[in-house]
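Counting from 1, one number per residue, gives the positions in the sequence shown under the UniProt record's numbering.
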Amino acid sequence: MTTSALSPRERIIEAAQSLFYREGIRGIGVEAIASAANTNKMAIYRHFDTKDDLVTYWLASVAQEYEQMWAHWENLYPGDPASQLKALVQSVVQRLRTEGNRGCALANSLAELPDENHPARVVIDRHKNAQLQRIQTLCGQAGLGNPEHCAMILHLCFEGAQIAAQSLGADRVATQLENLVDAMLGTRGAARSRHDVKGGRHGKAHVTKRSV
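(1) Cα-Cα, which of Leu106, Asp182, Leu177, Val123 is closest to Tyr21?
(2) Mapping the DSSP letters down to three states, classify Arg9 as helix, strand or coil.
(3) Measure the alpha-carbon distance for Ala152 versus Arg46 and round it to whole angstroms.
(4) Can you tell me where the alpha helix (DSSP H) with Gly137 in it begins and where it stops?
(5) Would you call the segment 120-134 in contact with the segment 96-110, where contact means no fewer than 3 C-beta pairs closer than 8 Å?
(6) Look at the Cβ atom of Ala32, then the Cβ atom of Leu96, and state whether they are nearer than 8 Å.
(7) Quick check: what's the CA-CA separation for Lys51 versus Asp182?
(8) Put Asp196 into one of helix, strand or coil per three-state DSSP.
(9) Looking at the structure shown, is Arg172 part of a helix, part of a strand, or coil, going by DSSP?
(10) Could you check the C-alpha separation between Ala164 and Val173 for me, to the nearest Å?
(11) Give the secondary structure of His202 by DSSP, where H, G and I count as helix, E and B as strand, and everything else as coil.
(12) So Gln136 and Glu148 are in contact, right, with Cβ under 8 Å, and what is the actual spacing, rounded?
(13) Let me make sure I understand the geometry here. Which of Glu178, Lys128, Ser167, Leu185 has the alpha-carbon closest to that of Asn146?
(14) Since I believe Leu156 is in contact with Pro81 (beta carbons under 8 Å), could you give me their beta-carbon distance rounded to a whole number of angstroms?
(15) Could you check if residue 213 is buried or exposed, using at least 16 other CB atoms within 10 Å of its CB as the buried criterion?
(16) By Cβ distance, which residues of its chain are closer than 8 Å to Arg26, with the 5 residues on each side in sequence left out?
(17) How would you write the range of the alpha helix (DSSP H) that Thr56 sits in, first residue to last?
(18) Considering just the uninterrupted stretch of the alpha helix (DSSP H) at Arg97, what are its terminal residues?
Following this line, the structure appears as structure tokens:
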């Protein structure tokens, strides 16, 4: 759908999420969003009471995209926790190598939301904690020793990789991330399984540009 075919609300959301992701929350005002959406401030306030409401809506939609990704992997690899973990890794790796990638929108926004009670901060904290718990469950189901410890290592690696890739280079970081997870899953140097998420019979991992 072209921008001109979008409703005013859809244009506002599309412009806001693009600007917030590229420039940050605090660096973008309502005027800039209105201009990018080809509308005015009054139109924005008809749909969102405050800029904070728009930020919260955006981050909640990002978190929802992640939930859809997890559901996709669960359906693609039912009863196969190792393949679900590999799908997560490949989604991060593919995103790292995507032009214009600036990391995780939720993690990036965290630094701009110091108030733990801010609605948008609540969205981020809830998502990150749920993701850690989901990874821990998969680690346990995959037979990894001390799944709580393994899940925390993986979570920290995913979070750190998206920051490190900005300065160390996406390919370098992505390769090391893949090697680390393969080592944890006991598959370093082994051929990819029949569930290879890099393009086997199930095709590429489901990826969203702003994910995990």
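Cβ coordinates follow ideal geometry from the N, Cα and C atoms, glycine included.
Taking the definition as stated:
(1) Taking the sequence shown and counting its residues from 1, the one referred to as residue 21 is at position 21. The residue with the shortest Cα to Cα distance from Tyr21 is Leu106.
(2) Taking the first residue of the sequence shown as 1, we reach residue 9 at position 9. Here Arg9 sits in helix by DSSP.
(3) Numbered from its first residue, the sequence shown carries residue 152 at position 152. Numbered from its first residue, the sequence shown carries residue 46 at position 46. The question names Ala, but residue 152 in the sequence shown is Met. Each residue's alpha carbon lies about 42 Å from the other.
(4) Translated into the one-based positions of the sequence shown, residue 137 becomes position 137. Looking at the sequence itself, residue 137 is Thr, so the reference to Gly does not match. Residues 119-141.
(5) yes
(6) Position 32 of the sequence shown, counted from the first residue, corresponds to residue 32. Position 96 of the sequence shown, counted from the first residue, corresponds to residue 96. Against a cut-off of 8 Å, the Cβ pair of Leu96 and Ala32 comes out as no contact.
(7) Your numbering for residue 51 matches position 51 in the sequence shown. Your numbering for residue 182 matches position 182 in the sequence shown. Looking at the two C-alpha atoms, the distance is approximately 42 Å.
(8) Numbered from 1 along the sequence shown, position 196 holds the residue referred to as residue 196. Any reading at Asp196 must be qualified, since the residue scores a pLDDT of 44, below 50, and its modelled position is unreliable; no value is offered.
(9) Stepping through the sequence shown from its first residue, residue 172 is reached at position 172. Of the three classes helix, strand and coil, the one that applies to Arg172 here is helix, per DSSP.
(10) Start at 1 with the first residue of the sequence shown, and residue 164 comes out as number 164. Start at 1 with the first residue of the sequence shown, and residue 173 comes out as number 173. In a straight line, the C-alpha of Ala164 is about 7 Å away from that of Val173.
(11) Start at 1 with the first residue of the sequence shown, and residue 202 comes out as number 202. For His202, the predicted model reports a pLDDT of 44, less than 50, meaning its position is unreliable and no value from the coordinates is stated.
(12) Along the sequence shown, one-based indexing puts residue 136 at 136. Along the sequence shown, one-based indexing puts residue 148 at 148. Between Gln136 and Glu148, the beta carbon gap of about 6 Å places them in contact (Cβ cut-off 8 Å).
(13) Within the sequence shown, numbered from 1, the residue matching residue 146 stands at position 146. When only C-alpha atoms are compared, the closest one is Leu185.
(14) Position 81 of the sequence shown holds residue 81. Position 156 of the sequence shown holds residue 156. With a Cβ gap of about 19 Å, Pro81 and Leu156 do not count as contacting.
(15) In the structure displayed, the chain extends from 1 to 212; residue 213 sits before or after that span and is not available.
(16) Working through the sequence shown from its first residue, we reach residue 26 at position 26. So the list reads Glu112, once near-sequence residues are dropped.
(17) Residue 56 sits at position 56 when you count from the first residue of the sequence shown. Start and end: 51-76.
(18) Your numbering for residue 97 matches position 97 in the sequence shown. Arg97 -> no alpha helix (DSSP H), and no H or E assigned at all.
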